[in-house]
Amino acid sequence: MMMNRYVIALICVLLAGCKATKGINDNSKTVKLNTKTIISSHYAKKSVFTTLKASLKVNLKTAEKEETVVANVRLLKDHKIWISISKLGYTGAKILITPETVQYYNKLDKVYFDGDFSLISNWLGTALSFQQLQAVLLGETMFPLKATKYKTEILDDGYLLIPRKQEPLIEHFITIKPNVFKIKVQEIAQPKLNRILNIDYNTYQEVAQQLFPLVINLSLVDRTTETQVEVTYKNISLNQELRYPFNIPTNYKEISFEK
Numbered sequence: 003m004m005m006n007r008y009v010i011a012l013i014c015v016l017l018a019g020c021k022a023t024k025g026i027n028d029n030s031k032t033v034k035l036n037t038k039t040i041i042s043s044h045y046a047k048k049s050v051f052t053t054l055k056a057s058l059k060v061n062l063k064t065a066e067k068e069e070t071v072v073a074n075v076r077l078l079k080d081h082k083i084w085i086s087i088s089k090l091g092y093t094g095a096k097i098l099i100t101p102e103t104v105q106y107y108n109k110l111d112k113v114y115f116d117g118d119f120s121l122i123s124n125w126l127g128t129a130l131s132f133q134q135l136q137a138v139l140l141g142e143t144m145f146p147l148k149a150t151k152y153k154t155e156i157l158d159d160g161y162l163l164i165p166r167k168q169e170p171l172i173e174h175f176i177t178i179k180p181n182v183f184k185i186k187v188q189e190i191a192q193p194k195l196n197r198i199l200n201i202d203y204n205t206y207q208e209v210a211q212q213l214f215p216l217v218i219n220l221s222l223v224d225r226t227t228e229t230q231v232e233v234t235y236k237n238i239s240l241n242q243e244l245r246y247p248f249n250i251p252t253n254y255k256e257i258s259f260e261k
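Below, the structure is given as structure tokens:
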């Protein structure tokens, strides 16, 4: 069942004809800008493509175990995210995510899941949409940004956007890298549950004159556990004609996930 637990953690992170290039570190000095300019500059850097294909190295670490797998990701922007997870060259699981559904099957245990976004939302303890999951993959904000609803603090390494009014049960904070105006850190906190989800975009890479994540570090901490996931993009290609093969075998057993 380790693969099943692993897949949930992976979904939470992934819940994005050019070879990936050298990583780009933004060491620019943070220049004082107003909130409106920062937000508009971030949206100007949104990725523009129809399809994306990437190979990812994914390392999952908990108190009990550490494991590394390879995940091949295919994305039809705004419509579907397809993920094939393999280890030692053997495909162990496949995932297909659309705005309405989350489907998964595990070849090792011969089980499958066919449900909706409540799977991911329940695991994280907060509502999550397809668009937000796609944004995580692309290094874009998970939350709609409006200058009138945020205030800015100037940090040495970026612009910290803080909602003027946080939600009653969930707080979030966004740090934007200076100069490149891509996301540096997204943090979601649930103080009453002592739960924090931190998504750190360590480095970006340039593909077809656009910036995509090179390394994503995710940390999910609650009262008793901590899960860390590091995702490294091995290569990215854009706007190719892609297939998204996904057929759940008829003899597999349906399962439900519990946190």
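In terms of this note's numbering, the sequence shown opens at residue 3 and continues consecutively. Quick reminder that beta carbons are idealized off the backbone N, C-alpha and C, glycines included.
- Have a look at Gln-168, Thr-227 and Lys-167 and flag the residue whose alpha-carbon is nearest the alpha-carbon of Lys-63. The residue labelled residue 63 in the question sits at position 61 within the sequence shown. For the residues Gln-168, Thr-227 and Lys-167, the minimum Cα distance to Lys-63 belongs to Thr-227.
- Item | Spatial distance of Ile-99 from Ser-131 (CA atoms) | As a working note, residue 99 is residue 97 in the sequence shown. As a working note, residue 131 is residue 129 in the sequence shown. Using only the alpha carbons, I get a separation of about 11 Å.
- Query: Identify the residues that DSSP records as bridge partners of Tyr-114: which are they?
  - Reply: What you label residue 114 is simply residue 112 of the sequence shown in a count that begins at 1. In DSSP, Tyr-114 forms a bridge with Tyr-107 and Glu-256.
- Counting along the chain, where does the alpha helix (DSSP H) carrying Val-138 start and finish? Working through the sequence shown from its first residue, we reach residue 138 at position 136. Residues 132 to 140.
- Item | Whole-angstrom distance between Glu-256 and Phe-183, CA atom to CA atom | Here residue 183 refers to the residue found at position 181 of the sequence shown. Here residue 256 refers to the residue found at position 254 of the sequence shown. If I take the Cα positions, the gap works out to 43 Å.
- Query: For Glu-173, which option in Asn-249, Tyr-152, Asn-108 and Leu-58 has the closest C-alpha, if you only look at C-alpha atoms?
  - Reply: Working through the sequence shown from its first residue, we reach residue 173 at position 171. The option with the nearest alpha carbon to Glu-173 is Tyr-152.
- Item | Pro-193 - DSSP class collapsed to helix/strand/coil | As a first step, residue 193 is located in the sequence shown; it is residue number 191 there, counting from the start. The DSSP-derived three-state label of Pro-193 is helix.
- Residues bridged to Ser-239 [DSSP beta-bridge criterion]: Locating residue 239 in the sequence shown gives position 237, counting from the first residue. In the DSSP output, where bridge partners are listed per residue, Ser-239 has Lys-55.
- Note down the Cα distance separating Leu-287 from Gln-230, rounded to an integer number of angstroms. Since the first and last residues shown for the chain are 3 and 261, residue 287 lies out of range.
- Item | 8 Å contact criterion, which Thr-32 and Leu-157 should meet: CB distance rounded | In the sequence shown, residue 32 corresponds to position 30, counting from 1. In the sequence shown, residue 157 corresponds to position 155, counting from 1. Separation of the CB atoms of Thr-32 and Leu-157 is rounded to 6 Å, and the pair is thereby assigned contact status at 8 Å.
- Query: Looking only at C-alpha atoms, which of Ser-43, Glu-69 and Ile-83 sits nearest to Lys-55?
  - Reply: The residue labelled residue 55 in the question sits at position 53 within the sequence shown. Lys-55 has its Cα closest to that of Ile-83, out of Ser-43, Glu-69 and Ile-83.
- Message: In the DSSP output, what is Thr-76 paired with across the bridge?
- Response: To locate residue 76, count along the sequence shown from 1; it is residue 74. According to the sequence provided, residue 76 is Arg. The question's Thr does not apply to it. BP columns for Arg-76 point to Lys-55 and Trp-84.
- Task: Determine, using beta-carbon pairs with one atom in the region 214 to 223 and one in the region 162 to 178, whether at least three such pairs fall under 8 Å.
- Result: No, the region 214 to 223 does not touch the region 162 to 178.
- Item | Delimiting residues of the alpha helix (DSSP H) encompassing Thr-42 | The residue given as residue 42 occupies position 40 in the sequence shown. The sequence as given places Ser at residue 42; Thr does not occur at that position. Element bounds for Ser-42: 37 to 46.
- Measure the CB-CB distance between Gln-105 and Ile-250 and report whether it falls below 9 Å. Locating residue 105 in the sequence shown gives position 103, counting from the first residue. Locating residue 250 in the sequence shown gives position 248, counting from the first residue. In contact: Gln-105 and Ile-250 (Cβ atoms closer than 9 Å).
- Query: Since Ala-95 sits in a beta bridge, which residues does DSSP pair it with?
  - Reply: Locating residue 95 in the sequence shown gives position 93, where the first residue counts as 1. Under DSSP, the beta-bridge partners assigned to Ala-95 are Ile-87 and Asn-108.
- Opening and closing residue of the beta strand (DSSP E) in which Val-50 lies: Taking the first residue of the sequence shown as position 1, residue 50 is located at position 48. In the DSSP assignment, Val-50 falls outside any beta strand (DSSP E) and carries neither an H nor an E.
- Message: So the candidates are Asp-202, Ala-210 and Asn-241; which of them puts its Cα closest to the Cα of Glu-142?
- Response: The residue labelled residue 142 in the question sits at position 140 within the sequence shown. Out of Asp-202, Ala-210 and Asn-241, the CA that lies nearest to the CA of Glu-142 is found in Asp-202.
- Query: What is the DSSP secondary structure of Thr-150, reduced to helix, strand or coil?
  - Reply: In the sequence shown, residue 150 corresponds to position 148, counting from 1. Thr-150 sits in a helix when the DSSP states are folded into three classes.
- With a 10 Å radius around its C-beta and 16 neighbouring C-beta atoms as the bar for buried, classify Arg-245 as buried or exposed. Residue mapping note: residue 245 aligns to position 243 of the sequence shown, counting from 1. Exposed, by the Cβ-count rule.
- Task: Output the boundary residues of the beta strand (DSSP E) element that contains Gly-161.
- Result: In the sequence shown, counting from the first residue as 1, residue 161 sits at position 159. The amino acid at residue 161 is misidentified as Gly; the sequence shows Tyr. Unbroken beta strand (DSSP E) run through Tyr-161: 160 to 165.
- Task: Give me the Cα-Cα distance between Ala-137 and Leu-163, rounded to the nearest whole angstrom.
- Result: By one-based count along the sequence shown, residue 137 stands at place 135. By one-based count along the sequence shown, residue 163 stands at place 161. Cα atoms of Ala-137 and Leu-163: separation of roughly 17 Å, rounded to the nearest angstrom.
- Item | Neighbourhood of Thr-70 by C-beta, 6 Å cutoff - its chain only, sequence neighbours within 5 removed | Sequence index remark: in the sequence shown, residue 70 carries index 68 (1-based). Excluding positions up to five away in sequence, the list reads Asn-61.
- Could you name the residues of the same chain whose beta carbon sits closer than 7 Å to that of Met-144, not counting the 5 residues immediately before and after it, in chain order? Counted from its first residue, the sequence shown places residue 144 at position 142. Closer than 7 Å at Cβ, skipping near neighbours: Gln-134, Ala-137, Val-138 and Gln-188.
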